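Accompanying notes for the structure given below.
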Amino acid sequence: MSSHVTVDRLQFTLTVTFHYLFPIVTMGLALFIAWLKTVAFLGGERRRLRPLRKTAAQRGAHDAAAHFWAKIFGVSFAVGVVTGIPLEFQFGTNWAAFSNYAGGVIGQTLALEGVFAFFAESAFLGIFLAGAGRVGARLHWIAALMLLVGSWVSGFFIIATNAWMQHPVAYSVEDGRAQLDSFWGLLTNPWLPWQYAHNMSGAALSGAFVVAALGAYYTLSKRQLEFARICLSVGVVGALIFTTLQIFPTGDEHARRVARYQPPSFAAAEGLFPTQKGAPLVIIGNPDTEQRKLESTIEMPRFLSFLTSRRWDTTITGLNDIPENRWPDSVPLVYYSYHIMVGLGTILFLVALLAAFLLWRGRLFTSTPMLWALMLAFPFTFIANIAGWTVAETGRQPWVVFDVMRTNEGASPASAVPAGTGIFTLLGFAGLYLLIGLLYVLLIVRIVARGPNGHPLSTPKPADPAATARA
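The opening residue of the sequence shown carries number 136 in our numbering; numbering runs sequentially from there.
Structure representation (structure tokens):
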């Protein structure tokens, strides 16, 4: 692969990886903001549903918690927009040939994503943050729900775009360009449902651990204890739900789609070189592409065949029976990224399971080791999410549109965007994103330091001494 294409890929890798950290936060937190606000709005002391059975004081605390997390959402959304705009430009600069070929298809979903991200999310975020006390309680609650809908529908159209690149459907080629034959066919891509479910459960998993981690931090600091208990309870339950969903059924079903539609990617992720009947599931191993084998393995016999087809004797195609020019560019990168994702997902599930058990037994709020584990676990959710996307994107290589357009064919020509220009802008993006990242951290630290007490519904106004005396 030529040098300018490599530089283009590195630049896009940097910008998309840094950008995606913020949609993880917003899509994850939107679910919990909507839940907290729903409890605040619909809760009551006589509700039949136990999660909604709250006193007026507890409902006020949940409302304050929703408003606090909406501030985190707002900062993350703003930074996500700023860092996402360069991606759109790179489609036209670094990847002009791809855009020229595929624009008739992916332009539909990208435009709809922009509508939901820039209009729906931003509008309802403004209503939620600025509307407390200015709009009715019902409209304020609806704004929280629509914030969830906007962020998750926005994510849906992005995943629909990527799903077409992974498994292109509902298109025809006219004059060397892909044209969409059926928008409904695009949205019913068999690759899409489980990829979307797996991606969104990953974002929700991160949101749950972020909420729980802050609750653990406040508990260990002996500050904002009522707010901390809410965050721990909601975050731990959410973490258990979404770590479970991430493993089964979403992770399991999406892996089966990869095995069916992208055998080279699946074989690379599993480190499978020889085609095997009753293939083992490798827990640990080191791929050697020169010798075409895995070294130092710990494996579960026949288990990979069972997970893939629900039969112990199914034959799984290995890389040895796939032409090498169809292999992912870096088999070790796909393999290690996949195992990092799976390994971290398993660890996070165990942490969430133990935390949920302690919550059920009423010992979570006093268990210092568990609180530390929750507080330190949340960064690993982001690593797992990024590792998962690394598997998806590097596993698809050497295709930018699988089995249709190779990556080097989709890049702009070297005469238009030479490698030197790409390196210059790559360094520029790296410096700019470092500055944006530091600013983001400072803003989040400031919000956390202030806590939820800035919300007008969370802290009653102090009485006027003069008025009291006159009374």
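C-beta: ideal position from N, C-alpha, C; glycine also. Since we're looking at a predicted model, the values are computed, not measured.
Integer Cβ distance of residue i from residue j, believed to fall under 8 angstroms
i	j	result
ALA402	GLY453	5 angstroms
GLN212	LEU260	As written in the sequence, residue 212 is Phe, which differs from the Gln given in the question. Contact flag correct, Cβ pair sits at about 6 angstroms.
THR385	HIS333	4 angstroms
VAL535	GLY545	4 angstroms
GLY219	THR161	GLY219 to THR161, Cβ: 11 angstroms. No contact.
LEU327	GLN243	Not a contact, Cβ separation roughly 14 angstroms.
GLY406	LEU429	5 angstroms
LEU442	LEU416	7 angstroms
TYR568	PHE226	The Cβ separation is near 19 angstroms, so there is no contact.
LEU156	PHE517	6 angstroms
ILE582	LYS206	5 angstroms
GLN301	PHE537	6 angstroms
Proximity winner among the options, relative to residue i (alpha-carbon distances)
i	options	result
SER257	ALA279, GLY268, ARG269, ALA272	ALA279
PHE377	LEU429, PHE253, ALA565, PHE484	PHE484
ALA95	THR560, LEU562, ALA347, SER341	The chain is shown only over 136 to 606; residue 95 falls outside these bounds and no answer can be derived.
TYR396	TRP299, PHE208, VAL250	TRP299
SER138	PRO548, SER440, GLN381	PRO548
GLY497	GLY420, LYS357, VAL371, LEU321	VAL371
GLY311	VAL270, ILE262, SER234, TYR575	SER234
VAL586	LEU264, ALA246, LEU245, ARG358	The sequence given here places Gly at residue 586; Val does not occur at that position. Considering only alpha carbons, the answer is ARG358.
ASN543	TRP230, ALA199, MET476	TRP230
ILE419	PRO467, PHE263, SER444	PRO467
THR424	TRP447, ALA394, ASN455	ASN455
ALA338	PHE513, THR450, GLY209	PHE513
VAL576	VAL210, ALA199, ALA165, GLY179	VAL210
GLN381	TRP462, ARG185, ALA343	ALA343
ALA237	ILE293, SER307, ALA351	SER307
Secondary structure of residue i, DSSP reduced to three states
i	result
TRP128	Outside the displayed span of the chain (136 to 606) sits residue 128, for which this structure offers no information.
PRO436	coil
ASN324	coil
ARG182	coil
LEU144	First, the amino acid is wrong: residue 144 is Arg here, not Leu. Residue state, collapsed to three classes: helix.
ALA606	Because the pLDDT at ALA606 is just 32, under 50, the model does not fix this residue reliably, and the point stays unresolved.
ARG541	strand
GLY586	helix
THR150	helix
GLY239	helix
ILE457	coil
LYS172	helix
LYS357	coil
PRO158	helix
GLN397	coil
SER502	coil
TRP462	coil
ASN334	helix
Contact set for residue i: own chain, Cβ-Cβ below 6 angstroms, skip 5 residues either direction
i	result
PRO221	THR150
SER96	With the chain covering only 136 through 606, there is no way to say anything about residue 96.
LEU349	CYS366
PRO398	THR452
Same chain, Cβ closer than 8 angstroms to residue i, five either side skipped, listed in chain order
i	result
LEU360	TYR353, THR354
ALA255	MET281, VAL284, GLY285, VAL288, SER289
ASP464	MET136, THR529, GLN532, PRO533
Beta bridge counterpart(s) of residue i as assigned by DSSP
i	result
TYR306	LEU315
PRO422	LEU429
ILE451	GLN411
LEU416	MET435
ARG188	GLY179
Cutoff 7 angstroms; reference residue i; Cβ partners in own chain excluding five residues on either side
i	result
MET505	LEU489, ALA490, LEU493, LEU499
ALA201	ILE168, LEU171, LYS172, ALA175, ALA279
ALA404	VAL469, TYR470, TYR473, VAL526, GLY530
GLY320	VAL304, ALA305
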